[in-house]
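What follows is one structure encoded as C-alpha cells, with my remarks underneath.
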Amino acid sequence: MSELRSTLDELAGIDLAELSAEALLDLTAELVTASNRIAAAMTTVVRAADKREAYQRDGAVSMKAWLRGSCRMAPELATAAVSTGRRLELLPETSAAFAAGEISAAHARVITKEMTPRRLAKAADAGIDLAETDAILADLARETAPHETARGVKAWVAGVDPDGTLDDAADTRRRFTMATGLDGRVHLRGELDAAGGEYLHTALGALMNGDRPAGDLRSHAERQGEALVALARGALDAGGLPTVRGERPHVRVTIDLMALCAERGAAGFSGGSLGWAGPINPETARRLACDAGVSRIITGPSGLPLDSGREQRAPSAGIRRAVEVRDEHCVFAGCDALPEWCDFHHVVHWAHGGPTNCDNGALLCERHHTAVHEGGFGIQRDPGTDRWHTYRPDGSEILSRAGP
Ligand SMILES: [Zn+2]
Ligand SMILES: [Zn+2]
Numbered sequence: 075m076s077e078l079r080s081t082l083d084e085l086a087g088i089d090l091a092e093l094s095a096e097a098l099l100d101l102t103a104e105l106v107t108a109s110n111r112i113a114a115a116m117t118t119v120v121r122a123a124d125k126r127e128a129y130q131r132d133g134a135v136s137m138k139a140w141l142r143g144s145c146r147m148a149p150e151l152a153t154a155a156v157s158t159g160r161r162l163e164l165l166p167e168t169s170a171a172f173a174a175g176e177i178s179a180a181h182a183r184v185i186t187k188e189m190t191p192r193r194l195a196k197a198a199d200a201g202i203d204l205a206e207t208d209a210i211l212a213d214l215a216r217e218t219a220p221h222e223t224a225r226g227v228k229a230w231v232a233g234v235d236p237d238g239t240l241d242d243a244a245d246t247r248r249r250f251t252m253a254t255g256l257d258g259r260v261h262l263r264g265e266l267d268a269a270g271g272e273y274l275h276t277a278l279g280a281l282m283n284g285d286r287p288a289g290d291l292r293s294h295a296e297r298q299g300e301a302l303v304a305l306a307r308g309a310l311d312a313g314g315l316p317t318v319r320g321e322r323p324h325v326r327v328t329i330d331l332m333a334l335c336a337e338r339g340a341a342g343f344s345g346g347s348l349g350w351a352g353p354i355n356p357e358t359a360r361r362l363a364c365d366a367g368v369s370r371i372i373t374g375p376s377g378l379p380l381d382s383g384r385e386q387r388a389p390s391a392g393i394r395r396a397v398e399v400r401d402e403h404c405v406f407a408g409c410d411a412l413p414e415w416c417d418f419h420h421v422v423h424w425a426h427g428g429p430t431n432c433d434n435g436a437l438l439c440e441r442h443h444t445a446v447h448e449g450g451f452g453i454q455r456d457p458g459t460d461r462w463h464t465y466r467p468d469g470s471e472i473l474s475r476a477g478p
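Counted the way my numbering counts, the sequence shown spans residues 75 to 478.
Written out as C-alpha cells, the structure reads:
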C-alpha cells in the first residue's frame, strides 16, 4: 500500500503542461485501468470484511452501514460495493476482467445487479450454464459501455425470468422536471418507461429528419433539443391543446413598451420576461413578438396595461400564404427550411413602424430568426428580383440565393 501511495504522490507531482497530447492520453488510459483495478480490489476487500463481519469491531450493524458511517460513502455506492462483491464470487470471468482493470465498477454493477439468487436458481433449473453466461457477459463488458452491457444482461433475464421482466415492464412511472437555472437557461430531467420513451423518440425522430438542411453540423443532442421545442410549438400552433383558464394556451411575453420600441442594442432599457421562464433580453422579446401565436401584454412605466394583448400584429392567413409562395423557404443564405418551420419576420419590426404586409415580411426558420434578431445578422430583399441577401453583423454579405 505504501508503494501505491508513493506512486500517487509521484503522479500529483508531474507537470502536466510539460506532457505532449499523446502522453496525456496514454496517462489517462493507464489511470482508467488502474482505477478499475483499485475499484476491483476495494470490492474484494469489502467482500472479505463482509464475510468475516469485520464491521462489528466498530459497532456497525452491516458492512454497508460501516462504509456509510466510517467512509462517508453514498448509500447507493455502499450497497453496490457490498452486493457486487457478494455476487462476483459466482462469476469468476467477470471478476477476473474487473481485477485486471478491463471493465469498470459500473460494468460489474450492471451485470451483478440483475443476478439475484432467485434468478440464478431459476437459470440453474432451466439448465442455463452460469459459467457460459459469465464468460459471455464478461466479454460484452470488455467491449461495450455499461448501458450496452446492461442490454445483454436484460436478454439473460428475459430468458430465465420472464415474469421478473414483466415486473420491470409494469413499472410505467414517468417523471419529468423543468427548472430555470441562474444562467436563464432551462434544465430538463426525467425518466420514462420503455413505451413512453418510444413515443417521444418516434416523434422527435420525425421532426429531426424532416428538418435537416444540407451541411447541418449540429450534434445529435442539439438537433434533439430543437426537435423537442418544435414538438411543443407544433402542438401550440395546431390549437388542439386543452384551453387554460378559458384561453388557448400561448406563450406570453411581457416587455416595457419603450424597451420594445428601442433600437437593437440600445442601452438603458430593461429586458422582457416570459410568463414562466423569466427574464429575456429585449431582442429576444422583439423576435417573439415578431410573428403570430404571441399575444402581447404591453405595460407602461406605471405598470398598468396599455394593450390587452388582443391586438394582432401578425399577418393574416392571406399575407402569410403570399409570402410563403414568394419565399418558398427560410430566406437566410444557404437555408432551405420549409415554410411550416418558419416564422413570419417583419424586416422592419412593427414596433418600429414596419407594416404587416408582403413587402415587409420574410420567412425565417427559428434558428435564423434568432440569428437575425439576437445575432445581429441582416436580411434584405431586392424588390426588383425578389432575391434575398444575407449580411453578417459586420455588414459583409454571406452569399445571395436566387429568388423564385
Ligand atoms: Zn423577426
Ligand atoms: Zn433558416
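In this text, a Cβ means the ideal position worked out from N, Cα and C, and glycines have one as well.
Simplified DSSP state of residue i, which is helix, strand or coil
{"i": "Cys-145", "result": "helix"}
{"i": "Gly-477", "result": "With a pLDDT of only 47 at Gly-477, under 50, the local geometry of the prediction cannot be trusted, and the value read off the model is given with reservation. Correct three-state label for Gly-477: coil."}
{"i": "Phe-418", "result": "strand"}
{"i": "His-403", "result": "coil"}
{"i": "Ser-136", "result": "coil"}
{"i": "Leu-105", "result": "helix"}
{"i": "Asp-199", "result": "helix"}
{"i": "Ser-169", "result": "helix"}
{"i": "Ala-209", "result": "helix"}
{"i": "Glu-265", "result": "strand"}
{"i": "Gly-321", "result": "Reading off the sequence shown, one finds Glu at residue 321, where the question assumed Gly. Three-state DSSP puts Glu-321 in a strand."}
{"i": "Arg-249", "result": "strand"}
{"i": "Asn-110", "result": "helix"}
{"i": "Asn-283", "result": "helix"}
{"i": "Ile-185", "result": "helix"}
{"i": "Ile-177", "result": "coil"}
{"i": "His-423", "result": "coil"}
{"i": "Pro-191", "result": "helix"}
{"i": "Leu-93", "result": "coil"}
{"i": "Ile-393", "result": "helix"}
{"i": "Gly-270", "result": "helix"}
{"i": "Leu-291", "result": "coil"}
{"i": "Glu-127", "result": "coil"}
{"i": "Thr-218", "result": "coil"}
{"i": "Gly-458", "result": "coil"}
{"i": "Ala-429", "result": "First, the amino acid is wrong: residue 429 is Pro here, not Ala. Three-state result, Pro-429: coil."}
{"i": "Asp-237", "result": "helix"}
{"i": "Met-75", "result": "coil"}
{"i": "Gly-339", "result": "coil"}
{"i": "Glu-300", "result": "helix"}
Beta-carbon contacts of residue i that lie in its chain and below 7 Å, excluding the five residues immediately before and after
{"i": "His-442", "result": "Cys-404, Phe-406 and Cys-409"}
{"i": "Arg-263", "result": "Thr-251"}
{"i": "Ala-200", "result": "Val-234"}
{"i": "Gly-392", "result": "none"}
{"i": "Glu-265", "result": "Arg-249"}
{"i": "Ser-344", "result": "Asp-330 and Ala-333"}
{"i": "Met-282", "result": "Arg-297, Gln-298 and Ala-301"}
Residues bridged to residue i (per DSSP)
{"i": "Cys-439", "result": "Cys-416"}
{"i": "Tyr-465", "result": "Gly-452 and Glu-471"}
{"i": "Ile-354", "result": "Gly-346"}
{"i": "Thr-254", "result": "Val-260"}
C-alpha distance - residue i paired with residue j, whole-angstrom precision
{"i": "His-221", "j": "Lys-196", "result": "24 Å"}
{"i": "Thr-358", "j": "Ala-425", "result": "13 Å"}
{"i": "Ser-136", "j": "Gln-130", "result": "8 Å"}
{"i": "Thr-223", "j": "Trp-462", "result": "52 Å"}
{"i": "Ala-173", "j": "Met-147", "result": "21 Å"}
{"i": "Pro-478", "j": "Ala-436", "result": "Note on Pro-478: pLDDT 45, under 50, position unreliable in the model; the coordinate value appears next. Going from the Cα of Pro-478 to the Cα of Ala-436 covers about 14 Å."}
{"i": "Gly-427", "j": "Val-325", "result": "23 Å"}
{"i": "Ala-301", "j": "Asp-365", "result": "20 Å"}
{"i": "Ala-139", "j": "Met-116", "result": "16 Å"}
{"i": "Ile-210", "j": "Leu-164", "result": "14 Å"}
{"i": "Thr-156", "j": "Val-106", "result": "In the sequence on display, residue 156 carries Val and not Thr. Using only the alpha carbons, I get a separation of about 22 Å."}
{"i": "Val-231", "j": "Arg-225", "result": "10 Å"}
{"i": "Pro-457", "j": "Ala-340", "result": "29 Å"}
{"i": "Asp-290", "j": "Ala-306", "result": "22 Å"}
{"i": "His-294", "j": "Asp-311", "result": "25 Å"}
{"i": "Ser-31", "j": "Ala-182", "result": "Because the chain is modelled from 75 through 478, residue 31 falls outside the range shown and cannot be assessed."}
{"i": "Ala-253", "j": "Ala-351", "result": "8 Å"}
{"i": "Arg-259", "j": "Thr-444", "result": "16 Å"}
Close-in-space but distant-in-sequence residues of the same chain around residue i (CB under 6 Å, 5 per side omitted)
{"i": "Leu-473", "result": "Ala-407"}
{"i": "Gly-452", "result": "Tyr-465"}
{"i": "Asn-110", "result": "Gly-175 and Ser-178"}
{"i": "Arg-193", "result": "Val-234 and Asp-235"}
Cβ-heavy atom distance, residue i to ligand 4, below 7 Å
{"i": "Val-156", "result": "You won't find ligand 4 in this model; what it holds is ligand 1 and ligand 2."}
Residues near residue i by beta carbon distance below 8 Å, same chain, minus five either side
{"i": "Glu-448", "result": "Asn-355, Glu-357, Thr-358 and Arg-361"}
Exercise for the section: When you get a sec, list the residues whose CB is within less than 5 Å of any heavy atom of ligand 1, chain order please. Expected result: Per the CB criterion, closer than 5 Å to any heavy atom of ligand 1, the qualifying residues run in chain order as Cys-364 and His-419.
Handout entry: Residues near ligand 2, criterion Cβ-heavy atom distance below 5 Å
Key = Neighbourhood of ligand 2, defined by CB distance below 5 Å to any of its heavy atoms: Cys-404, Phe-406, Cys-409, Ala-411, Cys-439 and His-442, in chain order.
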